[in-house]
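The structure appears below as structure tokens.
In the numbering used here, the protein residues as written are 200 to 674.
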């Protein structure tokens with residue numbers, strides 16, 4: 200508590216969640232700079248995730264480990280997420296605000312990247328897993344703050360579009376990483392020590408860049424969004440979800456389950472993509488398969504841009520349902536296919552996976568109001584599914600010596616996630632809350648909706664309902 204008091208009183212990291220601020224009604228133009236800055240974080244996360252998928256196969260070769268054991272990287276990386284999103288990062292988010300969590304996450308990410316150097320010197324897979332755990336802690340912290348921040352920083356009506364556009368740059372990062380790895384990690388060398396040095400140098404460069412970016416965030420003006428800001432936004436759409444106790448937010452917990460199963464399946468598919476291609480298409484080398492992974496991740500990024508475009512004209516929940524339904528169909532088909540057809544099934548799977556993660560976040564936190572920060576931590580904790588499903592797939596692949604057959608594992612988990620897409624479209628308690636919140640005109644009009652002046656009146660003590668009611672009479 201002493202450190203918390205110091206940060207609140209002397210560093211400028213201070214947030215009073217009892218007050219409503221002008222951040223509640225930021226327009227598209229006003230939110231542009233902070234959103235651009237946060238979008239860089241999504242690229243970094245995508246780049247780290249893309250490297251993780253290629254390291255899986257790289258360590259199988261250079262360290263002589265099994266497919267099951269190589270999944271320890273995913274277990275360490277995604278296992279760190281709930282520690283951050285439900286623990287220290289969520290606590291800091293509620294007491295010190297978004298900016299503090301952004302900086303802490305970047306610092307942890309940088310420390311983990313630098314720890315890759317001694318792990319490489321000692322040829323220690325356990326050391327690599329420990330460094331990956333620290334990286335996962337940093338990225339889990341960034342996810343805890345970045346996803347909800349994108350959803351709330353700007354007009355609520357376009358929350359899903361904002362988060363999908365930003366996540367598209369995450370997809371670009373996952374595309375660039377395996378392309379880089381195909382030239383750096385999978386070079387023809389008989390010396391495993393030299394092969395590991397390439398990993399060390401890449402992460403050293405990442406660590407230096409991340410520390411510089413942390414400094415940029417420290418000096419930048421990042422608008423803070425308080426609990427009262429979120430309560431005010433929700434009140435403007437007349438939804439009563441925030442009046443329910445936190446433990447009765449059933450839509451939130453269903454979204455958390457969907458995130459757990461979906462992310463677990465996504466991570467497992469990408470983590471064993473190279474194994475799948477080299478096994479089902481004999482004669483394909485690891486470097487070539489890594490290039491195919493880069494191409495599939497490129498399709499993943501394109502899918503997010505396409506999804507964001509479609510959400511401009513169709514409800515996000517419908518786009519989500521169509522995309523996830525196609526994902527289930529194509530990953531199921533991949534279990535019985537091979538050669539070019541099997542590869543095509545995985546390409547289509549990654550394309551349609553694209554909007555699922557960010558849309559689950561955006562729809563899951565709709566209408567939570569003052570429960571927003573706490574609820575977003577639960578959904579981000581669902582990312583820990585990546586620590587569970589990938590080892591299961593690896594174990595099945597080792598038992599059957601067939602990665603293609605093992606794709607049945609992510610198929611089953613995708614079906615569980617699909618139940619949320621169905622519920623948010625056809626269960627009234629889910630659908631109505633999502634639709635009402637999406638119809639808000641907050642931040643869209645200079646003279647209509649809820650203005651900055653209205654917010655300031657609310658902050659001085661007038662009830663949010665009274666402010667909004669008065670605005671409606673004026674209209």
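Even for Gly, the Cβ is constructed at its ideal location relative to N, Cα and C.
Please read these numbers as outputs of a predicted model, since none were measured by experiment.
Just the C-alpha distance for residue 590 and residue 492, rounded to the nearest angstrom, thanks.
-> Your numbering for residue 590 matches position 391 in the chain shown. Your numbering for residue 492 matches position 293 in the chain shown. Looking at the backbone, the Cα of residue 590 and that of residue 492 are separated by about 20 Å.
Please check the pair residue 462 and residue 585, which I expect to be a contact at CB under 8 Å, by giving their CB distance rounded to whole angstroms.
-> Working through the chain shown from its first residue, we reach residue 462 at position 263. Working through the chain shown from its first residue, we reach residue 585 at position 386. Between residue 585 and residue 462 the Cβ distance is about 5 Å, and since that is below 8 Å, they are a contact.
How should residue 164 be labelled, buried or exposed, when 16 other C-beta atoms within 10 angstroms of its C-beta is the threshold for buried?
-> It is not possible to answer for residue 164, since the shown part of the chain is limited to 200 through 674.
Measure the C-alpha to C-alpha separation of residue 526 and residue 314 and round it to an integer number of angstroms.
-> Within the chain shown, numbered from 1, the residue matching residue 526 stands at position 327. Within the chain shown, numbered from 1, the residue matching residue 314 stands at position 115. Looking at the two C-alpha atoms, the distance is approximately 36 Å.
Using 8 Å as the Cβ pair cut-off and three pairs as the minimum, do the region 352–362 and the region 470–484 touch?
-> Between the region 352–362 and the region 470–484, the count of C-beta pairs closer than 8 Å stays below three; the two stretches do not touch.
Inter-residue spacing [alpha-carbon to alpha-carbon] between residue 579 and residue 299 | Along the chain shown, one-based indexing puts residue 579 at 380. Along the chain shown, one-based indexing puts residue 299 at 100. The alpha-carbon atoms of residue 579 and residue 299 are separated by roughly 18 Å.
Residue from 513, 552, 514, 505 with nearest C-alpha to residue 528 = On the chain shown, residue 528 is found 329 positions in, with the first residue counted as 1. Taking the Cα of residue 528 as reference, the smallest distance to any Cα among 513, 552, 514, 505 is reached at 552.
Three-state secondary structure (DSSP) of residue 228 | The sequence position of residue 228 within the chain shown is 29, counting from 1. Residue 228 falls in the coil class under three-state DSSP.
Helix, strand or coil: which one does DSSP assign to residue 601?
-> Walking along the chain shown from the start, residue 601 turns up at place 402. In the three-state reduction of the DSSP assignment, residue 601 falls in the coil class, being assigned neither a helical nor a strand state.
Which residue from 290, 610, 628 puts its Cα closest to that of residue 450?
-> For this step, residue 450 is matched to residue 251 along the chain shown. If we check each option's Cα against that of residue 450, 628 comes out closest.
Residue 598: buried (16+ other C-beta within 10 angstroms of its C-beta) or exposed?
-> In the chain shown, residue 598 corresponds to position 399, counting from 1. Flag for residue 598 reads exposed.
Evaluate contact between the region 453–461 and the region 613–624, counting only Cβ atoms and requiring at least three cross-stretch pairs below 8 Å.
-> Taking a cut-off of 8 Å on C-beta distances, the region 453–461 touches the region 613–624, as three or more cross pairs fall below it.
Starting from residue 606, trace the alpha helix (DSSP H) both ways and give me its first and last residue.
-> Start at 1 with the first residue of the chain shown, and residue 606 comes out as number 407. DSSP places residue 606 in no alpha helix (DSSP H); its state is neither H nor E.
Of the residues 357, 275, 244, 327, the one placed nearest residue 675, counting alpha carbons only | In this structure the chain extends from 200 to 674, so residue 675 is not present and cannot be described.
To which residues of the same chain is residue 550 closer than 6 Å at the C-beta, ignoring the five residues directly before and after it?
-> Here residue 550 is taken as the residue at index 351 of the chain shown, counted from 1. Excluding five sequence positions before and after residue 550, the CB atoms of its chain that fall closer than 6 Å to its own CB belong to 498, 502, given in chain order.
Residue from 516, 425, 361, 512 whose Cα sits closest to the Cα of residue 228 | Taking the first residue of the chain shown as position 1, residue 228 is located at position 29. Out of 516, 425, 361, 512, 361 has the C-alpha closest to the C-alpha of residue 228.
Chain-order list of residues whose beta-carbon lies under 7 Å from that of residue 417 (same chain, five-residue window excluded) | By 1-based counting over the chain shown, the position of residue 417 is 218. These residues qualify, in order along the chain: 302.
May I ask you to report which of helix, strand or coil DSSP gives residue 446?
-> Mapped onto the chain shown, residue 446 falls at position 247. Reduced to three states, the DSSP call for residue 446 is helix.
Measuring alpha carbon to alpha carbon, tell me which of 626, 593, 603, 583 ends up nearest residue 278.
-> Sequence index remark: in the chain shown, residue 278 carries index 79 (1-based). Answer by Cα proximity: 583.
Can you give me the Cβ contacts of residue 506 inside the same chain, cut-off strictly under 8 Å, excluding the 5 residues immediately before and after it?
-> The residue labelled residue 506 in the question sits at position 307 within the chain shown. Counting only Cβ-Cβ distances below 8 Å, and skipping sequence neighbours, we find 363, 518, 522, 553, 554, 558.
Which runs of the alpha helix (DSSP H) fall wholly inside the region 534–575 and span at least 4 residues, in chain order?
-> You should have 538–552, 555–563.
Spatial neighbours of residue 376 in its chain, beta-carbon cut-off 6 Å, leaving aside the 5 residues before and after | What you label residue 376 is simply residue 177 of the chain shown in a count that begins at 1. Once the five neighbours on either side are set aside, the close Cβ partners of residue 376 are 246, 249, 250.
Which of the three DSSP states, helix, strand or coil, is assigned to residue 237?
-> For the purposes of this step, residue 237 is identified with residue 38 of the chain shown, where counting begins at 1. DSSP places residue 237 in helix when its eight states are reduced to three.
For residue 617, which of helix, strand or coil comes out of DSSP?
-> Position 418 of the chain shown, counted from the first residue, corresponds to residue 617. Secondary structure at residue 617: helix, using DSSP grouped into helix, strand and coil.
Could you check the C-alpha separation between residue 443 and residue 348 for me, to the nearest Å?
-> Within the chain shown, numbered from 1, the residue matching residue 443 stands at position 244. Within the chain shown, numbered from 1, the residue matching residue 348 stands at position 149. Per the coordinates, the alpha-carbon of residue 443 lies some 23 Å from the alpha-carbon of residue 348.
Measuring alpha carbon to alpha carbon, tell me which of 270, 345, 448, 635 ends up nearest residue 296.
-> Locating residue 296 in the chain shown gives position 97, where the first residue counts as 1. Of the candidates 270, 345, 448, 635, 345 places its Cα closest to the Cα of residue 296.
Out of 289, 359, 399, which has the shortest C-alpha to C-alpha gap to residue 331?
-> Start at 1 with the first residue of the chain shown, and residue 331 comes out as number 132. The closest CA to that of residue 331, considering only 289, 359, 399, is found on 399.
Roughly how many angstroms separate the alpha carbons of residue 339 and residue 287, rounded to a whole number?
-> The residue labelled residue 339 in the question sits at position 140 within the chain shown. The residue labelled residue 287 in the question sits at position 88 within the chain shown. Rounded to whole angstroms, residue 339 to residue 287 spans 10 Å at the Cα level.
Pair within 9 Å by beta-carbon distance, residue 284 and residue 577 = Against the chain shown, residue 284 aligns to sequence position 85. Against the chain shown, residue 577 aligns to sequence position 378. The answer is yes: Cβ separation under 9 Å.
Distance between residue 541 and residue 406 (C-alpha atoms, nearest Å) | Mapped onto the chain shown, residue 406 falls at position 207. Mapped onto the chain shown, residue 541 falls at position 342. About 37 Å.
Could you please give the first and the last residue of the uninterrupted alpha helix (DSSP H) stretch that includes residue 348?
-> Looking up residue 348 in the chain shown gives position 149. From DSSP, the alpha helix (DSSP H) with residue 348 extends over 324–351.
Find the nearest neighbour of residue 320 within the set 294, 379, 396, judged by alpha-carbon distance.
-> By one-based count along the chain shown, residue 320 stands at place 121. Out of 294, 379, 396, 396 has the C-alpha closest to the C-alpha of residue 320.
Near residue 604, which residues of its chain fall below 8 Å by C-beta distance, leaving aside the five closest residues on each side in sequence?
-> Locating residue 604 in the chain shown gives position 405, where the first residue counts as 1. In the same chain as residue 604, and ignoring 5 residues on each side of it, the C-beta atoms closer than 8 Å to its own belong to 534, 595, 596, in chain order.
Can you tell me which of the three DSSP states residue 270 falls into?
-> In the chain shown, counting from the first residue as 1, residue 270 sits at position 71. Three-state result, residue 270: coil.
Are the CB atoms of residue 282 and residue 336 nearer to each other than 9 Å?
-> The count along the chain shown starts at 1 and reaches residue 282 at position 83. The count along the chain shown starts at 1 and reaches residue 336 at position 137. In this structure, residue 336 lies closer than 9 Å to residue 282 by Cβ.
What does a CB cutoff of less than 7 Å around residue 536 pick up in its chain, not counting 5 residues either side in sequence?
-> Taking the first residue of the chain shown as position 1, residue 536 is located at position 337. 544, listed in sequence order.
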